[in-house]
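Last residue of the sequence shown: 356 in this note's numbering, with the numbers rising by one and none dropped. Ideal placement from N, C-alpha and C gives every residue a C-beta, glycine not left out. Data block below; observations after.
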Amino acid sequence: MDKAGKTKFQVDLRRHLREHNVEDNLTHLICEIAEASKYIIHSIRTGDLGVAGTSNLYGEKQLALDVLADRILRKRLDHSRVVANMMSEEMDYIIPVSPDWEGKYSVAFDPLDGSSLVDVNLAVGTIVAIFPGCDILRPGREQVAAMYILYGPRTTLVYSVGDGVHEFGLNSLMEYTLLQEDITLKPKGAIHSPGGLRNLYTPGVETYLHTLEKHGSKLRYSGGFVPDINQVLLKKGGVFFYPHLKDKPDGKLRLLFELNPMAFLIEQAGGAASNGKQPILDIMPQQIHQCSSVFIGSKEEVALAQELIRKHEGATEPSLKKGVAAVTSS
Ligand code: FDP
């Protein structure tokens, strides 16, 4: 415990990145995203819960929060001078920022994941994947960094540049300061967050859920991907899954904007992320808004999902073709 009047010296995000010898442009990029998140949190806390395209009391055009968050982040990245290409969950194409990509990064992001939860006052978040250079449609294994910002009762930021997973909290001076370093998942946890309608589960997934329940794993599902993953990470174990469903063979969550960055973070924390057949980070994307089923969290729970799916559903994987047509705006 710290002595009264002697608070522990706080390490802010930039200092943490510098102390970990993170390359200058990448440090700048991560800090710019952190800055953008402060405007996003302000919009969430103070904004009208507008619907895109409608007007507010004063006749001004009102923006839905996810559209607003997208604009805030895109503007910041556009002016950062370290971004080559960017891709947003809100857009259908890659947005070129700088043709001179030497030493720059490309960024895929979901500006406000779970935005439908804002009007019922549940936690939401921003998710970001960072790749070196200009190529953005590539397997998640090639990310150099990933991060998310969780807008809950507190605002926290979790990042990794490939040397562990670190959590920061936004303090009253609007600085992100270190809360904990090197978060590590236990091989097995005690909670599970199952997405999707249970009566649409396939035999392997139904058996999986039944097995988790039988072994005493507790149900902890908020309906928001960022808070649900954050819970698994900070409880140091457990599993989140949004599986393939009878009517949705690729599940619901987006590979490029949601799954890749979270899989990078969870693997960095010693966990695993799989589509039920192969690691999420090894999937070669074929299109921007591609979805994938996901089982992500403690290693043993993810291995169990794979085992039961193999046993009850066989080992074929239909959606893993190679080759990508890059779609860019011009
Ligand atoms: P939302 O539709 O509210 O934006 O990917 C979006 C997401 O939320 C995730 O945050 C969440 O895990 C999932 O969808 C929830 O889907 P269900 O409503 O089908 O459970």
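- prompt: Cα separation between residue 50 and residue 219?
  reply: 37 Å
message: Cutting at 7 Å between CB atoms, please list the residues of its own chain near residue 84, excluding the five before and the five after it.
response: Low confidence applies to residue 84: its pLDDT is 45, below 50, so where it sits in the model is not reliable, and the reading given next is rough at best. So the list is empty, once near-sequence residues are dropped.
message: In whole angstroms, give me the CA-to-CA distance for residue 233 and residue 269.
response: 12 Å
- request: Report the rounded CA-to-CA distance for residue 131 versus residue 160, giving the unit in angstroms.
  value: 6 Å
message: Give me the DSSP bridge partner(s) of residue 244.
response: 217
message: Less than 7 Å between C-beta atoms, sequence neighbours within five positions excluded: which residues of the same chain meet that for residue 330?
response: 234, 237
C-alpha distance - residue 307 paired with residue 199, whole-angstrom precision: 36 Å
message: One question on the structure: do residue 123 and residue 96 come within less than 8 Å of each other, judged by their Cβ atoms?
response: no
task: Buried or exposed for residue 55, please, with buried defined as at least 16 other CB atoms from any protein chain shown within 10 angstroms of its CB.
output: buried
message: Under 8 Å, Cβ to Cβ, is there at least one residue of chain B near residue 207?
response: Protein chains in the displayed structure number just one, and chain B is not present.
- prompt: Within the chosen definition, does the region 205-220 reach the region 318-336 through at least 3 CB pairs nearer than 8 Å?
  reply: yes
query: Any heavy atom of ligand 1 closer than 7 Å to the Cβ of residue 222?
result: yes
- prompt: Between which two residues does the beta strand (DSSP E) carrying residue 147 extend?
  reply: Element bounds for residue 147: n/a, residue is neither H nor E.
- prompt: Can you tell which of 156, 201, 231, 255 has the C-alpha that lies nearest to the C-alpha of residue 17?
  reply: This structure does not reach residue 17, given that the chain is present from 27 up to 356, and the question cannot be answered.
field: Own chain, CB closer than 6 Å to residue 258, minus 5 neighbours either side, in chain order
entry: 264, 266, 323
- prompt: Per the contact definition of three or more C-beta pairs closer than 8 Å, is the region 291-300 in contact with the region 181-188?
  reply: yes
- prompt: Considering only C-alpha positions, which residue in the set 41, 65, 115 is nearest to residue 102?
  reply: 65
message: Which of the three DSSP states is assigned to residue 346 in this structure?
response: Since pLDDT at residue 346 reaches only 36, below the 50 mark, its modelled position is unreliable, and no value is offered.
task: Using DSSP bridges, identify the partner residues of residue 171.
output: 156
query: In this structure, what does DSSP give as the bridge partners for residue 193?
result: 184, 206
field: Residues that residue 107 bridges to, as DSSP identifies them
entry: Partner(s): none; residue 107 has no beta bridge.
- prompt: Taking just the CA atoms, how far does residue 316 sit from residue 115?
  reply: 11 Å
- request: Ignore the nearest five residues each way along the sequence and tell me which others in residue 86's own chain have a CB closer than 6 Å to its CB.
  value: Low local confidence applies: a pLDDT of 47 at residue 86 is under 50, so the model's placement there is unreliable, with the coordinate-based value given in what follows. So the list is empty, once near-sequence residues are dropped.
- prompt: Below 8 Å between beta carbons: does that hold for residue 277 and residue 320?
  reply: yes
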